[in-house]
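These notes are about the structure you will find just below.
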Amino acid sequence: MEIWIIVTLVSLLFSGLFSGAEMAFVTSDRVRVEIDVKQGGIIGRVLRRFYANPQFFISSILVGNNIVLVIYGMGAAKLLDPLQEPLGIDDGTLLLMQTIASTIVIIITGEFLPKTIFRINPNASMRFIAIPIFLFYIILYPIAMLATAISRGLMRLFGLKSDQVEIKMISVSDLNDYLEDTIDSLHDQKETVGTEVKMFQNALDFSNTHLRDCMIPRNEIVAAKSDITYDELSKLFTSSGRSKILIYREDIDDIIGYIHVSELFDPTSDWRKHIKPVLYAPEALLANKMMRRLLNEKRSMAIVVDEFGGTAGLVTLEDLVEEIFGDIQDEHDKAAPTARDLGGGIYEFSGRCEIADLNDTYHLDIPEEDDYQTLAGYILHSTGAIPEKGETITLGNLSIEVLRKSAARLELLRVTRIPSDEQ
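The following block contains the structure:
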C-alpha cells in the first residue's frame, strides 16, 4: 500500500510539473527568453533548444503528462480498492468513485494549481525547470517524434494540412511590451530611464512616425525669393547661420530648390546656376520610407507638402536620425525651449515645449492628441484663438498666463497648477 501512495504522489508531482511547464512555455515573454538565451550558460542553451523546436517540446510535455496520468490512475485505483468491502459497494460503483475522486484531485493539483502558479512569472519558471524538463525532453523525444509523425500522417490521410508552424521568436509588440514594462518599472523605482532604452523605444516607434511629426514647420523655414541679390543672400546666410537656404519663385509654395553657402564663394559667378533641386513628399509619408529615399538618392532634405500641394514644412536627414538617437544640435536647431520649475506648482514654459515632454517631466496631465504636439498648439486647439499678452486662461487643472507673444505665436507662458480643492 505504501508503495502505491508514493507512486500516486510522485505522479501527481510530475503531472503538475509538465502542466506548469506547458503553461510557462506558451505564456513566456519572447524578449525575456531571447535575453536569457543571449546570456549563455547551460540554461540559455537549453532554452534555445526548446524554443527552436516548439512542436517537439510541446509533444514531449504532452507525452510525459499522459504517461504520468496513466500511472496516477493505476495508483489511485489501488488506493481506493480496499474501500469496496467496508462500504459494501459493487465494482461499477467503485469504478465511478475512483473516476470522480481521481479526476477532482488531478484537476486541482495536476492542472489548475501548477498552471496558475507558473503563469505568475513564466520566464522565471522556465529558467527554474529548464534542466529537469530537458532530461525528460531527451528521454521522451523519440516518442514525441513518433507521435508527431503519426499525427501528421493521419492529417494527410484526411486531407488536412500539416505544415509545421514556426513560432516567431520576437515580434514588435513583444518588444514594445517589454520596453514599456521596463520603463514603468524604472519610474516606479524612481530611476532614470537609460539612453539605450530610450533609443530602442524610439527605433520601435519610428516605424509609425509620419513626416508631419518630425518636420520643421513652414513658419520656421528660412527661404529667399529667386530675385534676391547676391549681397542680400549673403547677409541672409550670415544672419540665419544656415549652410543651405531654400529658393522660391513667387512664394514658399513654389520652391525651386536650395542653394549652398559654398556656391557664394565666387562673387563673379551666377549663384542661380547652382540651385539644387529638392525632393517632395506628402506629410502622411512614413519617416522610415523618407529616410530610405534620402539615403538612396543621396539627398539631405525634402519639402513636405500638405494635401493641397502647399509647403507644410521641411524635413532633413538629421531630423529623421534625431527621431531615433535624440536631439543633435545643428544649424537648423533653435535654442532648447524654455522650461523652468519656479516652485510651488508654478512653471515657465516656451510655447514650443512638447506636451509629451512636459507630462513626463512635470506630470501636468495635459491631454495628448494628434491635433497638436506643443503647449502653444494645445492652447490654440482648446481656445480656438490666440490669447493676448497678459491674458490668463484656465484649461483643466492649469492656469496659463501669456508672458510673451508675437503676432501669431505664443512664445513664453506661465503655467500654474490649480489645487484640486479650488477647481
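Read left to right, the sequence shown gives residues 962 to 1384 (my numbering).
The C-beta atom is built at its ideal place from N, Cα and C for all residues, glycine as well.
Residues near I1177 by beta carbon distance below 8 Å, same chain, minus five either side: Position 216 of the sequence shown, counted from the start, is the residue given in the question as residue 1177. Only G1274, L1275, V1276, T1277, D1280 and H1293 meet the Cβ criterion.
Residue environment, F1079, which counts as buried when at least 16 other CB atoms sit within 10 Å: As a working mapping, residue 1079 is identified with position 118 in the sequence shown. The residue in question, F1079, is buried, as its Cβ has 16 or more Cβ neighbours within 10 Å.
Where P1380 sits in the DSSP three-state scheme: Along the sequence shown, read from residue 1 onward, the residue named residue 1380 stands at position 419. Coil.
Distance CB(A1337)-CB(G1312) smaller than 8 Å: Here residue 1337 refers to the residue found at position 376 when the sequence shown is read from its first residue. Here residue 1312 refers to the residue found at position 351 when the sequence shown is read from its first residue. Cβ distance < 8 Å, so A1337 and G1312 count as in contact.
Secondary structure of I1327, DSSP reduced to three states: Position 366 of the sequence shown, counted from the first residue, corresponds to residue 1327. In this structure, I1327 counts as coil in the three-state DSSP scheme.
Cβ shell of L1225 (< 8 Å), same chain only, five flanking positions each side left out: Here residue 1225 refers to the residue found at position 264 when the sequence shown is read from its first residue. Excluding positions up to five away in sequence, the list reads Y1191, L1194, S1195, F1198 and W1232.
C-alpha gap between N1257 and T1272, whole angstroms: Locating residue 1257 in the sequence shown gives position 296, where the first residue counts as 1. Locating residue 1272 in the sequence shown gives position 311, where the first residue counts as 1. If you take the alpha carbons of N1257 and T1272, they lie about 23 Å apart.
Own chain, CB closer than 6 Å to R1375, minus 5 neighbours either side, in chain order: Position 414 of the sequence shown holds residue 1375. Counting only Cβ-Cβ distances below 6 Å, and skipping sequence neighbours, we find E1309, E1362 and L1364.
Beta-carbon separation (whole angstroms), I1019 vs E995, contact threshold 8 Å: The count along the sequence shown starts at 1 and reaches residue 1019 at position 58. The count along the sequence shown starts at 1 and reaches residue 995 at position 34. Incorrect: roughly 19 Å between the Cβ atoms, too far for contact.
Simplified DSSP state of A1346, which is helix, strand or coil: Locating residue 1346 in the sequence shown gives position 385, counting from the first residue. Here A1346 sits in coil by DSSP.
Nearest candidate by alpha-carbon position, reference D1042, set I1069, I966, L978 and R991: For the purposes of this step, residue 1042 is taken as residue 81 along the sequence shown, with counting starting at 1. Among I1069, I966, L978 and R991, the Cα nearest to that of D1042 is on I966.
Span separating the alpha-carbon of I1354 from that of I1316: On the sequence shown, position 393 is the one that residue 1354 refers to. On the sequence shown, position 355 is the one that residue 1316 refers to. If you take the alpha carbons of I1354 and I1316, they lie about 17 Å apart.
Strand pairing of A1185, partner residues [DSSP]: Mapped onto the sequence shown, residue 1185 falls at position 224. DSSP lists I1208 as partners of A1185.
G1357 versus N1084: straight-line alpha-carbon distance, rounded: For the purposes of this step, residue 1357 is identified with residue 396 of the sequence shown, where counting begins at 1. For the purposes of this step, residue 1084 is identified with residue 123 of the sequence shown, where counting begins at 1. Taking the straight line from one Cα to the other gives about 43 Å.
Burial state of A1245 (16 or more Cβ within 10 Å): Your numbering for residue 1245 matches position 284 in the sequence shown. A1245 comes out exposed.
Local conformation of V1363 per DSSP, three classes: Counting from 1 along the sequence shown, the entry for residue 1363 is found at position 402. Reduced to three states, the DSSP call for V1363 is strand.
Contact between the region 1167 to 1184 and the region 1200 to 1217 (3+ Cβ pairs under 8 Å): yes
Outcome for T1344 when other beta-carbon atoms lying within 10 angstroms are tallied against a minimum of 16: In the sequence shown, residue 1344 corresponds to position 383, counting from 1. The residue is exposed, with fewer than 16 neighbouring Cβ atoms inside 10 Å.
Of the residues V968, V987 and I1236, the one placed nearest K1076, counting alpha carbons only: Numbered from 1 along the sequence shown, position 115 holds the residue referred to as residue 1076. Of the listed residues, the one whose Cα sits closest to K1076 is V987.
DSSP three-state assignment for G1274, whether helix, strand or coil: For the purposes of this step, residue 1274 is taken as residue 313 along the sequence shown, with counting starting at 1. If DSSP states are grouped into helix, strand and coil, G1274 belongs with the strands.
Cβ distance (whole Å) where S976 is taken to contact V1029 below 8 Å: Taking the sequence shown and counting its residues from 1, one reaches residue 976 at position 15. Taking the sequence shown and counting its residues from 1, one reaches residue 1029 at position 68. Yes, they are in contact, since the Cβ atoms of S976 and V1029 sit about 5 Å apart, within 8 Å.
Anticipated Cβ contact below 8 Å, L1371 with I1340, distance rounded: Within the sequence shown, the letter at position 410 stands for residue 1371. Within the sequence shown, the letter at position 379 stands for residue 1340. Right, the Cβ-Cβ distance comes to about 6 Å (below 8 Å), so this counts as a contact.
Given L974 as reference, the closest of I1067, P1047, T1322 and E1349 once Cα atoms are compared: Here residue 974 corresponds to residue number 13 of the sequence shown, with the count starting at 1. Per the Cα distances, I1067.
C-beta atoms of E1017 and A1105 nearer than 8 Å: Locating residue 1017 in the sequence shown gives position 56, counting from the first residue. Locating residue 1105 in the sequence shown gives position 144, counting from the first residue. According to the sequence shown, residue 1017 is Phe rather than Glu. Cβ atoms of F1017 and A1105: closer than 8 Å.
Where the beta strand (DSSP E) through A1245 begins and ends: Along the sequence shown, read from residue 1 onward, the residue named residue 1245 stands at position 284. Unbroken run through A1245: none, as it is neither H nor E.
Residue span of the beta strand (DSSP E) that contains T1302, given as start and end: Along the sequence shown, read from residue 1 onward, the residue named residue 1302 stands at position 341. It is worth fixing the name first, because residue 1302 is Asp in this sequence and not Thr. Looking at the DSSP string, the run of the beta strand (DSSP E) that includes D1302 is A1300 to G1304.
Reduced DSSP secondary structure (H/G/I, E/B, other) of R991: Position 30 of the sequence shown, counting from 1, holds the residue named residue 991. In this structure, R991 counts as helix in the three-state DSSP scheme.
Burial state of A985, where buried means 16 or more other Cβ atoms lie within 10 Å: Here residue 985 refers to the residue found at position 24 when the sequence shown is read from its first residue. Classification of A985: buried, given that the 10 Å Cβ count is 16 or more.
Beta-carbon gap between A1248 and C1314 smaller than 8 Å: By 1-based counting over the sequence shown, the position of residue 1248 is 287. By 1-based counting over the sequence shown, the position of residue 1314 is 353. Cβ distance not < 8 Å, so A1248 and C1314 don't count as in contact.
G1071 classed as buried or exposed, judged by whether at least 16 other C-beta atoms fall within 10 angstroms: Stepping through the sequence shown from its first residue, residue 1071 is reached at position 110. Buried: at least 16 other Cβ atoms inside 10 Å.
N-terminal and C-terminal residue of the beta strand (DSSP E) that V1265 is part of: Position 304 of the sequence shown, counted from the start, is the residue given in the question as residue 1265. Here the beta strand (DSSP E) through V1265 covers M1262 to V1266.
Between the CA atoms of K1205 and H1221 - distance to the nearest angstrom: Taking the first residue of the sequence shown as position 1, residue 1221 is located at position 260. Taking the first residue of the sequence shown as position 1, residue 1205 is located at position 244. Each residue's Cα considered, the two are about 5 Å apart.
CB of I1003 within 8 Å of CB of D997, strictly: Indexing the sequence shown from 1 puts residue 1003 at position 42. Indexing the sequence shown from 1 puts residue 997 at position 36. No, Cβ-Cβ distance for I1003 and D997 is not below 8 Å.
Selection from I1189, S1201 and D1227 that minimises the alpha carbon distance to R1210: Residue 1210 sits at position 249 when you count from the first residue of the sequence shown. For the residues I1189, S1201 and D1227, the minimum Cα distance to R1210 belongs to I1189.
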